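Colleague: Okay, here's the structure, questions in a sec.
Residue numbers (my numbering): 1469 to 1629.
What follows is the structure, encoded as structure tokens:
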């Protein structure tokens, strides 16, 4: 627990809850890699990583975990490797596929889903899944110098629809 000493000093902090949580991150670009890194460092129990893309040179200026030697490799496998270096006590599952092809039971186990997608069609699918399965969704996106983040709590807050 020494790894988490600073956060354990916070009165409201519940490290056990963090350790028991499963977070699914869909899209391992700029937002996805930063989110995954932060969650790994605080000791999230399980990270499900979903992306079917490979690393390109143009990714390296904003996607935190990738290097030139990773070009051509799948984002999920490199992300898993680098996150395990940061915190070997977490579990990282990789889904090198479209979100629609991830086994439903894997998504249903998620405590929260993070959307770092770059297509609105897939973002809408994920929103609908989140609402249907009553899973909190954190949706983020960047366009040029503009950014947006929305937290969707099914039956409590507005969603993307």
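We put the CB at the ideal spot given by N, CA and C, even for glycine.
Computed from a prediction, not measured in an experiment: that's the story for all the values here.
(1) For residue 1602, which of helix, strand or coil comes out of DSSP?
(2) Could you compute how far the alpha carbon of residue 1631 sits from the alpha carbon of residue 1559?
(3) Is it the case that the Cβ atoms of residue 1532 and residue 1565 are separated by a distance below 8 Å?
(4) Among the residues of its own chain, which have a CB less than 6 Å from the CB of residue 1499, if the five just before and after it don't count?
(5) Please name the residue in 1517, 1488, 1471 whose C-alpha comes closest to that of residue 1571.
(6) Sort out for me which residues DSSP pairs residue 1611 with in a bridge.
(7) I'd like to know whether the C-beta atoms of residue 1547 and residue 1476 end up nearer to each other than 8 Å.
(8) Helix, strand or coil for residue 1582? Go by DSSP, reduced to three states.
(9) Just the Cα atoms here: how many angstroms apart are residue 1601 and residue 1578?
(10) State the DSSP-derived secondary structure class of residue 1522, mapped to helix, strand or coil.
(11) Given a threshold of 16 other Cβ atoms within 10 Å of its Cβ, counted over all protein chains shown, does residue 1611 qualify as buried or as exposed?
(12) Find the nearest neighbour of residue 1569 within the set 1494, 1627, 1481, 1557, judged by alpha-carbon distance.
(13) According to DSSP, which residues form a beta bridge with residue 1562?
Modeller: Per the coordinate set shown:
(1) coil
(2) Residue 1631 lies beyond the residue range present for the chain, which begins at 1469 and ends at 1629; the question has no answer from this structure.
(3) No, the Cβ-Cβ distance between residue 1532 and residue 1565 is not below 8 Å.
(4) 1584, 1608
(5) 1517
(6) 1614
(7) no
(8) strand
(9) Here the alpha carbons of residue 1578 and residue 1601 stand approximately 10 Å from one another.
(10) strand
(11) An exposed status is given to residue 1611, since fewer than 16 other beta-carbon atoms sit within 10 Å of its beta-carbon.
(12) 1494
(13) Bridge pairing for residue 1562: 1517 [DSSP].
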